[in-house]
Amino acid sequence: MHRSAIISKLGIVLVLMLVAAACVPYFAGSQSVSVDQVGGNLVLRWSDAIDVDEGGFVDYYHLDINGTSIEIDHPTIACELGGLTSGQTYNIAVTAYDNDGDWSGVIGGPVSHIGTLSTTYVAASEGLGAGPPTCVPLADSTAQLIAPAPIVAGGSATFDIEVTLGSGVTTGGGIAVGMHHASEWIMQVSAPLAKNHVAATTTGGAVLDVERHIAVPEGMFVDTTPGLFSDFQFHWLSIARVTSGELVEGDKVVFTFGSNANAIDVPRSSSINDQELRITIDDDANGVFDAIAESPTLRIVHAPAAHFAGVAPSQVTIGQSVDLVIRAEDQFLNLASDYSGSVSLHDENGTLLQSGVALTDGMATTQIVLNSQGHHRIRITADAGNLEGRSNPLRAYATLPAQRLYWGDLHGHTGISDGLGENAEQYFAFGRDVGALDFIALTDHGNFDWAANVAAVQSYHDPGEFVTLLAQEAGAQRDHMNLYFRSDDTEHISQWQTTYAGFLNWTYNQYNTASDEAITVPHHFTYNRGNPLYPFGIWDDRIVRLAEVYSAHGTNEYFGNPRSLNAASTDQTKYLQGGLAAGRKFGVIAASDNHDSKPGRTAWGRYPGGLAAVWTTDLTRDAVWDALWNYRTYGTSVDRIYVEVDVDGHGMGESFSTGSATVDLAAYVIGKTDVVDVTVVHNNQDVATISTTTGLIETTQTVDLDPGENFVYLRVTQDNGERAWSTPVWITRT
1 MHRSAIISKL GIVLVLMLVA AACVPYFAGS QSVSVDQVGG NLVLRWSDAI
51 DVDEGGFVDY YHLDINGTSI EIDHPTIACE LGGLTSGQTY NIAVTAYDND
101 GDWSGVIGGP VSHIGTLSTT YVAASEGLGA GPPTCVPLAD STAQLIAPAP
151 IVAGGSATFD IEVTLGSGVT TGGGIAVGMH HASEWIMQVS APLAKNHVAA
201 TTTGGAVLDV ERHIAVPEGM FVDTTPGLFS DFQFHWLSIA RVTSGELVEG
251 DKVVFTFGSN ANAIDVPRSS SINDQELRIT IDDDANGVFD AIAESPTLRI
301 VHAPAAHFAG VAPSQVTIGQ SVDLVIRAED QFLNLASDYS GSVSLHDENG
351 TLLQSGVALT DGMATTQIVL NSQGHHRIRI TADAGNLEGR SNPLRAYATL
401 PAQRLYWGDL HGHTGISDGL GENAEQYFAF GRDVGALDFI ALTDHGNFDW
451 AANVAAVQSY HDPGEFVTLL AQEAGAQRDH MNLYFRSDDT EHISQWQTTY
501 AGFLNWTYNQ YNTASDEAIT VPHHFTYNRG NPLYPFGIWD DRIVRLAEVY
551 SAHGTNEYFG NPRSLNAAST DQTKYLQGGL AAGRKFGVIA ASDNHDSKPG
601 RTAWGRYPGG LAAVWTTDLT RDAVWDALWN YRTYGTSVDR IYVEVDVDGH
651 GMGESFSTGS ATVDLAAYVI GKTDVVDVTV VHNNQDVATI STTTGLIETT
701 QTVDLDPGEN FVYLRVTQDN GERAWSTPVW ITRT
């Protein structure tokens, strides 16, 4: 028994009743119910329903066949029809009920959701009997994971997926194992002795050929929703195709991932949830694959603890206690949740701050007091063993300045769109409790569950402690833009656009005509794709206020920069420096673009994730918004590098005019590592580089101005490869 395809045969006339549901079970758009002949039997199949209530689940399905009521327990979604009269027309309706008694026929909700599925069938010679109509549930195919050892992040593994068939598969049909869009598994089927090979065998008499697909073949899945863990999201496909013979009920098909001694590479990000391996089957060779009722899952566990990392406020007052969050991490930045032990803490000068701080489940929060002004990185050492680490850079003051430095991750995804996490609540909780962020935004693609996003933003917002921003990812075609909102109850974008110019125009008119309520931000904009004018060739600073210079995809500063995007564009005008050369003004940020629901500390993606830093007066939504809108920002890759910039009394993001031929740039930079370079970039030229082996650079550099327009910014590079980029200061020489 599998989720059925939308088909019309044997005299079936399909009539969909688009009765939508909200906060009750519903059938996603493009779903249906059908009646099919299978091996001489008449089978009624319907699409699986979804329940979005917190803690809710679909309990059973109610079938109405010409007034005869039949209840089928979930997850069964197919049954064998009987008791029909030849030539009689049967009206069949399927309604889903959840554990609260709510039912899918309730009116309301998105028009893409279907409340009740229905069809009309004229009985022929199958399913006949004495009546009344009956429908006996079919046996389902099952699948299980067979893994001889834990699957460890960043390592190698071999494991099997064993599928036991509940019904036959004819020649030309197949069984597929789909890995999720964000899962990052690498697989191949063409080189049996090479790494990452996938093989398939069967206990039956059929001959199998294994295919590899990185995108869903056209027509393979009925539900192509680009989110909500639909079949379409599991597009890293290994398909065992029946090339001759047939598989019968009870046959087993075994997929072996890492089928030789070279095994298969395991992604670096440990699982925040068990990862589903979606099993779908095309039993009648019609090209449509339907998911089995319950697919197996696997869990990637973290590698052994390799170091400690600490997070404290970037600015502290001497003599006053502040929180320090300590994490034990593996080499990929995953939380080593099985680590338990105690650590000692020392300040920059080697002064013991605390000892015997116990970590539980890999984490601890304690209070520290610094008694000397200047730069600090808290040294964290295991009381037993050889693990060590550092906190982020701190600057200690006698009195805190008016402008404060806060850290956030403004870009990431959950399973509501194309990520792996369960929901917004889980996402925000990780960012607050593990990522130790000051502010956060969830940018799921589309608006599949906007109400839940809004509710989580409102629930987790805690002024002074943790600021949440309502956001989504949108854009036009392959030109992606994140969209951030000042208010926590704003409506999502009301119409998707097909052009970048149209997107900018639409978002401005929807949100910003009366006041500054939305900000759009281009990201991974140096991929060689989409509109060649994206993002800097078409510009509207009434809505575009920031540019994401770095994320897990790579760096967008200039062509040839370290950690370039995969197959990056060679067109310099698409890079950050190209935008600056074109006269565009914007704040510079970085973000993770995590898809593993680990904002602020993610191992997902091609490179370590980034962070956004803002200079503002206090940790409130209005203050963070004001900093983002007015360019008082900078971006880093992973490490919270401390960067202050002043150009003749003007800070990041400011513009001013001068009659002088020179300006003085003052910089105060603290790296997380000791070996740090600070490069002064003037009009896209590196004009000075200052280096240190102490982690601190405090310098003043004189910059010669060109006639007319000038800009200057800092690029910080640590010896571990991590970087920071300040927003420019713009100077007009008069």
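In case it helps, the working numbering puts the sequence shown at residues 1 to 734.
Where is the CB? At the ideal position from N, CA and C, for every residue including glycine.
Being a predicted model, the structure only gives us computed values, none of them experimental.
Asked: Best match in N531, H595 and R542 for proximity to H553 [C-alpha to C-alpha]; Found: H595
Asked: Beta-carbon contacts of D36 that lie in its chain and below 6 Å, excluding the five residues immediately before and after; Found: V43
Asked: Beta-carbon separation (whole angstroms), G341 vs A382, contact threshold 8 Å; Found: 6 Å
Asked: Opening and closing residue of the alpha helix (DSSP H) in which R781 lies; Found: Residue 781 lies beyond the residue range present for the chain, which begins at 1 and ends at 734; the question has no answer from this structure.
Asked: heavy atom of the ligand GDP below 7 Å from H302 C-beta; Found: What this structure holds is no ligand at all, so the ligand GDP is not there to describe.
Asked: Touch test, the segment 319 to 338 against the segment 362 to 370, Cβ-Cβ under 8 Å, three pairs minimum; Found: yes
Asked: Beta strand (DSSP E) runs contained entirely in the segment 197 to 263, provided each spans 3 or more residues; Found: 198 to 202, 207 to 213, 236 to 244 and 252 to 257
Asked: Bridge-paired residues (DSSP) for Y550; Found: T555 and A590
Asked: For P532 and V687, the rounded distance between their alpha carbons; Found: 30 Å
Asked: Nearest neighbour of A191, chosen from Q572, L228, F257 and T693 [CA to CA]; Found: F257
Asked: Whole-angstrom distance between Y527 and H376, CA atom to CA atom; Found: 38 Å
Asked: Straight-line Cα distance separating Q497 from Q393; Found: Checking the sequence shown, residue 393 turns out to be Pro, not Gln. If you take the alpha carbons of P393 and Q497, they lie about 42 Å apart.
Asked: Nearest candidate by alpha-carbon position, reference L165, set G408, S183, D140 and V222; Found: D140
Asked: D100 versus S230 - alpha carbon distance; Found: 24 Å
Asked: V316, buried or exposed, once every other Cβ within 10 Å from all chains shown has been counted against 16; Found: buried
Asked: Inter-residue Cα distance where the pair is D209 and R241; Found: 5 Å
Asked: Exposed unless 16 or more other CB atoms sit within 10 angstroms - verdict on E761; Found: A question about residue 761 goes unanswered here, because the residues of the chain that appear run from 1 up to 734.
Asked: Proximity of I65 and Y90 at Cβ, strictly below 8 Å; Found: yes
Asked: Three-state secondary structure assigned by DSSP to S104; Found: coil
Asked: Neighbour-count burial assignment, G412, 16 or more Cβ in a 10 Å radius; Found: buried
Asked: Sequence-distant residues of its chain with Cβ nearer than 8 Å to E276 (five each side left out); Found: H180, F229, F234, S295, P296 and T297
Asked: For A436 and S754, the rounded distance between their alpha carbons; Found: Absent from the structure is residue 754, since the part of the chain shown begins at 1 and ends at 734.
Asked: Where D618 sits in the DSSP three-state scheme; Found: coil
Asked: Inter-residue Cα distance where the pair is S112 and S104; Found: Summary for S112: the model assigns pLDDT 46, below 50, so the residue's position carries little reliability; its value from the coordinates is reported in the next sentence. So the alpha carbons of these two residues sit roughly 13 Å apart.
Asked: Best match in V643, A501 and E246 for proximity to W407 [C-alpha to C-alpha]; Found: V643
Asked: Opening and closing residue of the beta strand (DSSP E) in which L117 lies; Found: T116 to V122
Asked: When R45, L333, L469 and I493 are compared against S487, the one with the closest alpha-carbon; Found: L469
Asked: Span of the alpha helix (DSSP H), counted from its first residue to its last, around G415; Found: Here G415 belongs to no alpha helix (DSSP H), and DSSP marks it neither H nor E.
Asked: Residue range of the unbroken alpha helix (DSSP H) whose run includes N453; Found: W450 to Y460
Asked: CA-to-CA distance, G578 to V703, given in whole angstroms; Found: 21 Å
Asked: Cβ shell of Q144 (< 7 Å), same chain only, five flanking positions each side left out; Found: E162 and P296
Asked: N-terminal and C-terminal residue of the alpha helix (DSSP H) that L410 is part of; Found: Unbroken run through L410: none, as it is neither H nor E.
Asked: Three-state secondary structure (DSSP) of E491; Found: coil
Asked: Given 8 Å, three or more beta-carbon pairs between the segment 715 to 723 and the segment 661 to 676; Found: yes
Asked: For E548 and A591, the rounded distance between their alpha carbons; Found: 7 Å
Asked: Y90 (DSSP reduced to helix, strand or coil); Found: strand
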